[in-house]
Every structure is written in C-alpha cells, then in structure tokens.
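Quick note, in my numbering, the sequence shown goes up one by one and the last residue is 220.
Where is the CB? At the ideal position from N, CA and C, for every residue including glycine.
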Amino acid sequence: QKKQSDKISPVEQKILDQGLVNIQTVNPEILVELKYATPDNFMKKNVYGELTHAYLQPEMAKRLSQASIFIQRENPGYQLLVYDAARPNSAQYKLWDALDDLKIPARSKTQYVADPKIGSNHNFGCAIDLTVVDQNGKPLDMGTPYDFFGPLAYPRSEQEMLTQGKLTSKQIANRNILRKAMVKAGFTVNTTEWWHFDGMSKKAARAKYGMIK
Ligand SMILES: C[C@@H](N)C(=O)N[C@H](C)C(=O)O
Ligand SMILES: [Zn+2]
8 QKKQSDKISP
18 VEQKILDQGL
28 VNIQTVNPEI
38 LVELKYATPD
48 NFMKKNVYGE
58 LTHAYLQPEM
68 AKRLSQASIF
78 IQRENPGYQL
88 LVYDAARPNS
98 AQYKLWDALD
108 DLKIPARSKT
118 QYVADPKIGS
128 NHNFGCAIDL
138 TVVDQNGKPL
148 DMGTPYDFFG
158 PLAYPRSEQE
168 MLTQGKLTSK
178 QIANRNILRK
188 AMVKAGFTVN
198 TTEWWHFDGM
208 SKKAARAKYG
218 MIK
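Quick look at the structure:
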C-alpha cells in the first residue's frame, strides 16, 4: 500500500471538526486504500476529491482497532485493509446514480448502495468496507473483488454458491476470518456485501451523529 500524505485537506478538516478520527492515528497497523479516492472503483473515477484518509466516529475506530488486534493475534502476518470508511453524503449520490450505468434495476439498488436521501451508515462514520491482506500484503481471495454487485458476494448466499461450485470453502473460510474479527469487535455483517460492516443501526447512527455532507 502506498504511503498516504499527512496533509489534511479542507474537506478532511471539516470531518475532523465533526468529531471523527483518522483510523490510522488510532491504530497505524490498519492499512488504508480508499478506493473511491482513486479511479480503481466501480465508477472508474475519483469521487472523493481531496478526501484521502479513512475517518470514523471514535467509538467505531476503537472497535476497528480491536478487530485489527484480534486478526493479528489469530493470524500472524495478516492485517486489515480498509477500502472505505466515512463517506460524504454528496458522494453517496454519485455511487447511487452510477448504479444506473451498471444497469442495476431500481428495485435492487439498495442491496448495493444505500439510498442517499435516507443516508448510509458510511455518511455518519459508522460503517466500514474492508478486507484482509496476508503476510505479503496480498488481499485474501474472498471469491469476488470489492464492490462486486451480485449473489457471489452475498454472505447470505454462500452455502448455495458453495453447492453450485461458484465459491470454494477456502474463499468462505477467508471471509470468515474477516467476519469473526469484526463481529467480535461489535460490528454486524451485511447480507449482500462481504466487505461491508455496520457499527450500529442506521436509526441509531442518525440519532447520535450528524451527517457528513
Ligand atoms: C457501495 C458499497 N461499497 C457500500 O458501502 N454499500 C452500502 C450498502 C452503503 O452504501 O451503505
Ligand atoms: Zn460499505
């Protein structure tokens, strides 16, 4: 992973002013590759501008740090790699609109991107997208890439995918390494995205925190 610049941009200063923290200041062992701040994402463009660090609410960052410590203790050499954390609601609209270009039917859109009018837990600094890397810094094989929008990525469909020979037991075991650490730290699993974890319900996040615009 590339060394991130230490410079704090105005958009990031606003996020810090809302009380969020840079997760790498809480635990520098957590790796970050903010996909939406690069063209390497499903929209093939940077939609984050000068937001290049991963921010979370302090209690979420603390829990993520616990998950990282757990992963490293149980699997020496492995580390968490964060793909996304706090996401401005303005970017949520861009993700939502981009699903139309992928021809995702309107009725299925919320399985993959939360409706920006309601807001995603990412918009409150209470959700994380991440994977695990091995001792060589290589992401574990989870059966699909990040933001693969379809049943192969659904935790709820893993047994079916295994039976159909579309996922291997090793790929499911790799997902379980990530899930075990995140659940132990108090996060909940998303049924349609193996990489996405929530720290609380959307209702609770909205009641407790302000939206990142
Ligand atoms: C788009 C994907 N990375 C994601 O985070 N989806 C969830 C459902 C969200 O937008 O909250
Ligand atoms: Zn997510």
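Open item on the list: Please tell me whether, using a cut-off of 7 Å, the distance from the CB of H203 to the nearest non-hydrogen atom of ligand 2 is below it.
Closed with: Because some heavy atom of ligand 2 lies under 7 Å away, the Cβ of H203 counts as near it: yes.
TODO: Run the CB neighbour count on Q64, radius 10 Å, all protein chains shown included, and call it buried at 16 or more, exposed below.
DONE: By the 10 Å Cβ count, Q64 comes out buried.
TODO: Work out the CA separation of G172 and H129 for me, nearest whole Å.
DONE: Their Cα atoms are separated by approximately 33 Å.
Task: Rounded C-alpha distance that separates F204 from D24 - done: In this model, F204 and D24 are separated by some 24 Å (Cα to Cα).
Task: Span separating the alpha-carbon of Y119 from that of K191 - done: Near 24 Å, if we compare the C-alpha coordinates of K191 and Y119.
TODO: Within 10 angstroms of the Cβ of R163, are there 16 or more other Cβ atoms? Answer buried if so, exposed if not.
DONE: Result: exposed.
Task: Candidates K124, Y43, D108, of which the one nearest K52 by Cα - done: Comparing Cα positions, the closest option is Y43.
Open item on the list: Looking only at its chain, what residues have a beta carbon closer than 8 Å to the beta carbon of Q31, apart from the 5 residues adjacent to it on each side?
Closed with: Here Q31 has Q11, I37, V39, H60, A61 as same chain residues with Cβ atoms under 8 Å from its own Cβ, once five neighbours each way along the sequence are excluded.
Task: As assigned by DSSP and simplified to three states, the class of L102 - done: Taken through DSSP and simplified to helix, strand or coil, L102 comes out as helix.
Open item on the list: On the criterion of 16 or more Cβ atoms from any shown chain inside 10 Å, does Q166 qualify as buried, or is it exposed?
Closed with: The C-beta of Q166 has fewer than 16 other C-beta atoms within 10 Å across all chains shown, which makes the residue exposed.
Task: Contact the stretch 177-189 vs the stretch 97-111: 3+ CB pairs below 8 Å - done: Judged by Cβ distances under 8 Å, the stretch 177-189 makes no contact with the stretch 97-111, as fewer than three pairs qualify.
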